[in-house]
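*Asks:*
This is the structure in structure tokens:
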């Protein structure tokens, strides 16, 4: 992973797309790590019984996947100083698995602070799953 600097980064720069696979085994591992054992994330029958099309990924897993892509682009997790989003649509994870596609565009770079504002897009099955997804990264 290369460390990005403010001098080499400008508004309009893009990264991605990066495809992040997610399977049901990932959801079980995430549920165990996070403590979120809601059955909509692991039990297909239950998820369908409450009106979902299938098991869905944890929103925080999706946010974490996007954050990981941003930190890789910026040069490390310690460079992401702010990260926020809204969950706009769940990531449906059928038995065969799913993919989340993540990309981003630099909206602004502050040469005085070395910080960049990055707008992140995350989609699954062609639909936007994160909205207003903004990261502030420290480049210098």
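Numbering (the UniProt record's numbering), first residue to last: 1 to 140.
Idealized CB from N, CA, C, for every residue including glycine.
#1: With a floor of 3 residues, list each beta strand (DSSP E) that falls wholly inside the UniProt domain "MaoC-like" (15 to 121), ordered by position along the chain.
#2: Work out the CA separation of residue 2 and residue 88 for me, nearest whole Å.
#3: Do residue 123 and residue 101 have their C-beta atoms within less than 7 Å of each other?
#4: Which residue wins for smallest C-alpha separation from residue 62, given the options 136, 109, 129 and 39?
#5: Compute the Euclidean distance between the alpha carbons of residue 82 and residue 58, then round it to the nearest angstrom.
#6: What do you get for residue 45, buried or exposed, if any count of 16 or more other CB atoms within 10 angstroms of its CB means buried?
#7: Compute the beta-carbon to beta-carbon distance between residue 74 and residue 132, rounded to the nearest angstrom, for a pair I have assumed lies under 8 Å.
#8: In angstroms, rounded to a whole number, what distance separates the CA positions of residue 23 and residue 98?
#9: Let me know the secondary structure DSSP gives residue 3 once reduced to three states.
#10: Buried or exposed: residue 78, going by 16 or more other Cβ atoms within 10 Å of its Cβ?
#11: Assuming residue 56 contacts residue 66 (C-beta within less than 8 Å), just tell me the rounded distance between them.
*Replies:* Taking the coordinates as given:
#1: The qualifying runs are 80 to 87 and 98 to 110.
#2: For this step, residue 88 is matched to residue 88 along the chain shown. For this step, residue 2 is matched to residue 2 along the chain shown. For residue 88 and residue 2, the distance between alpha carbons rounds to 31 Å.
#3: For the purposes of this step, residue 123 is identified with residue 123 of the chain shown, where counting begins at 1. For the purposes of this step, residue 101 is identified with residue 101 of the chain shown, where counting begins at 1. Yes, they are a contact pair.
#4: Along the chain shown, one-based indexing puts residue 62 at 62. Comparing Cα positions, the closest option is 129.
#5: Counted from its first residue, the chain shown places residue 82 at position 82. Counted from its first residue, the chain shown places residue 58 at position 58. If you take the alpha carbons of residue 82 and residue 58, they lie about 20 Å apart.
#6: Sequence index remark: in the chain shown, residue 45 carries index 45 (1-based). It is exposed - the Cβ of residue 45 has fewer than 16 other Cβ atoms within 10 Å.
#7: Within the chain shown, the letter at position 74 stands for residue 74. Within the chain shown, the letter at position 132 stands for residue 132. At roughly 19 Å, the Cβ-Cβ gap does not stay under 8 Å, so residue 74 and residue 132 are not in contact.
#8: Sequence index remark: in the chain shown, residue 23 carries index 23 (1-based). Sequence index remark: in the chain shown, residue 98 carries index 98 (1-based). Near 6 Å, if we compare the C-alpha coordinates of residue 98 and residue 23.
#9: The sequence position of residue 3 within the chain shown is 3, counting from 1. In this structure, residue 3 counts as coil in the three-state DSSP scheme.
#10: By one-based count along the chain shown, residue 78 stands at place 78. Residue 78 is exposed by the Cβ-count criterion.
#11: For the purposes of this step, residue 56 is identified with residue 56 of the chain shown, where counting begins at 1. For the purposes of this step, residue 66 is identified with residue 66 of the chain shown, where counting begins at 1. About 16 Å; that fails the 8 Å criterion.
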